[in-house]
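Residue 177 in my numbering sits at position 175 of the sequence shown, with consecutive numbering throughout.
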Amino acid sequence: MNENNKVQNDVMIQNIYSESKYFRMILDNKEEILNKFVPIFRDRDIRRIYLLGHGSTSYATIAIKYLFVKFLGIDTSHDVATIFNHYEGFNENIAPENILLICPAATGCTKGPVLAAREARKHGIFVLGSGEYDGNVLARECDVFINKLTGDENAYVDTKGHSATLFLYALCIISTAYQLGKLSKESYDEYMCELENIVNKHESLVNQSMNWYDTHQTIIHQARMIRIISYGINYATSVEAQLKVTESTQKDAIGYDLEQYLHGPNMSSKPEDVIFFVNPINGVEHDRMSLTYQLMSKENFTHLYMLGNPKDETVQSKADNIAFDFSLKEYLTYIQFVVFFQVLAGRMAIDLDLPTTQQAEAFVNVTSALETSFKE
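Rendered as structure tokens:
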């Protein structure tokens with residue numbers, strides 16, 4: 003099999019290309035999905051939301067938190083489920099009927115969210131879950147469960163399921179804000195138009211990411227470290243990108259919030275590192291991110307790459323930057339930015355001849371012994 007066929011036939015790469023199909027399915031089933039989601043907020047006085055997950059779903063909750071805060075104005079936190087169960091728990095000073103637990107799962111078998119859902123039910127706290135199929139362990143513990151329509155993730159490295167989760171909650175939360183009168187018709191229409199654009203532009207984004215990798219693969223593989231820096235809702239992109247690279251390639255990558263990066267981790271950066279700056283053109287910290295990029299470019303850091311809109315002068319300043327027609331809505335950009343890093347991770351794995359459909363045996367032995375998931 004030649005190299006091109008090897009790439010095109012790779013399961014992870016195929017899953018990344020397929021994401022727009024699942025976005026479209028979510029939009030096509032919008033009415034049924036919203037009939038489950040909207041009443042939770044229309045019929046209940048929800049004042050506190052807990053978002054729990056592990057791995058990719060934990061990183062998805064970072065973005066979902068920002069959506070709830072911005073569009074519905076509800077106090078929301080995101081936590082690693084097992085840490086929440088052991089050290090935190092639900093605030094007893096808030097009435098259970100005012101609390102909502104949300105577990106945006108992948109398989110729905112991971113123990114942490116399931117145990118949290120069981121505890122919530124004991125206290126009369128409403129539980130919303132989502133996942134790739136109905137009838138799993140988590141779904142049976144939820145008051146409402148939404149199928150994200152992707153079916154089984156046939157690769158160990160989660161791409162289509164993660165992206166579908168991001169798309170699903172963006173649609174649900176923005177639509178709920180509109181139906182509850184918290185978002186104008188004009189703004190709602192703009193967001194819905196952008197979601198359509200994300201679907202329609204997806205294949206082009208994957209192709210451009212593949213082409214960028216073809217040109218830069220030697221630099222990527224020679225990197226001492228891959229660092230991904232962003233801020234706000236796209237901190238979710240940085241840490242998910244880190245996970246995708248590390249679990250696909252067994253190489254080190256780290257995702258940072260911009261300000262946290264500037265307070266110490268920047269001191270360990272070396273010229274042989276590859277550093278990505280994820281910078282939406284209308285982002286709150288856009289100018290500060292651009293200035294960081296420009297200042298580091300003057301200090302002998304030669305492998306700096308900015309992801310952003312082609313209208314951005316800083317992105318235009320270097321041909322190697324990743325300029326794409328990303329959404330102008332900062333609160334939707336994370337759905338698109340993560341795609342580049344999914345491609346990067348998948349292509350690196352292919353070059354390293356590492357499988358992405360299953361964990362290496364040594365790691366399977368560890369997770370099996372620790373019983374991180376329930377068996378159906």
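We treat Cβ as the ideally placed atom computed from N, Cα and C, and that holds for glycine.
Identified DSSP bridge partners for residue i
i	result
V276	I228
D259	S232
M291	M291 pairs with nothing; no bridge assigned.
Y307	F278
P106	S132
F147	G131
For residue i, the three-state DSSP class (helix, strand or coil)
i	result
H80	strand
T112	strand
V317	helix
S240	helix
S375	strand
I101	strand
H223	helix
S370	helix
P312	coil
A157	coil
H125	coil
L264	helix
L140	coil
Supposed contact pair residue j and residue i - C-beta distance, whole angstroms, cut 8 angstroms
i	j	result
D259	Y237	5 angstroms
F278	I231	7 angstroms
D327	K203	6 angstroms
R44	L182	6 angstroms
I96	R49	6 angstroms
I228	V286	I228 to V286, Cβ: 25 angstroms. No contact.
I42	V159	I42 to V159, Cβ: 31 angstroms. No contact.
Proximity test, residue i beta-carbon vs the ligand ZN heavy atom, cut-off 8 angstroms
i	result
W214	As for the ligand ZN, it is missing from this structure, which has no ligand bound.
Contact with chain C by residue i, beta-carbon distance below 9 angstroms
i	result
K72	Judged by its chain identifiers, the structure shown contains no chain C, having just a single protein chain.
Would you call the region 68-84 in contact with the region 98-115, where contact means no fewer than 3 C-beta pairs closer than 8 angstroms? yes
| request: Can you check the region 168-208 for any alpha helix (DSSP H) of at least 4 residues that lies completely inside it and give the ranges in chain order? | output: none
message = I'd like the ranges of any alpha helix (DSSP H) spanning at least 4 consecutive residues and lying wholly in the region 323-364.
response = 332-353
message = Check whether the region 234-251 and the region 333-347 touch, using three or more Cβ-Cβ pairs below 8 angstroms as the test.
response = yes
Problem set entry | the region 97-110 touching the region 139-153, judged by at least three CB pairs closer than 8 angstroms | yes
- Item | Runs of beta strand (DSSP E) lying entirely within the region 27-94, each at least 3 residues, in chain order | 50-55, 77-82
Worksheet item: Are the region 143-160 and the region 16-27 touching, with three or more C-beta to C-beta distances below 8 angstroms?
Response: yes
Does the region 191-209 come close enough to the region 294-308 to have 3 or more Cβ pairs within less than 8 angstroms? no
| field | Cβ pair count under 8 angstroms reaching 3, the region 308-315 against the region 256-272 | value | no
Hey, is the region 165-184 in contact with the region 52-65, meaning 3+ C-beta pairs nearer than 8 angstroms?
-> yes
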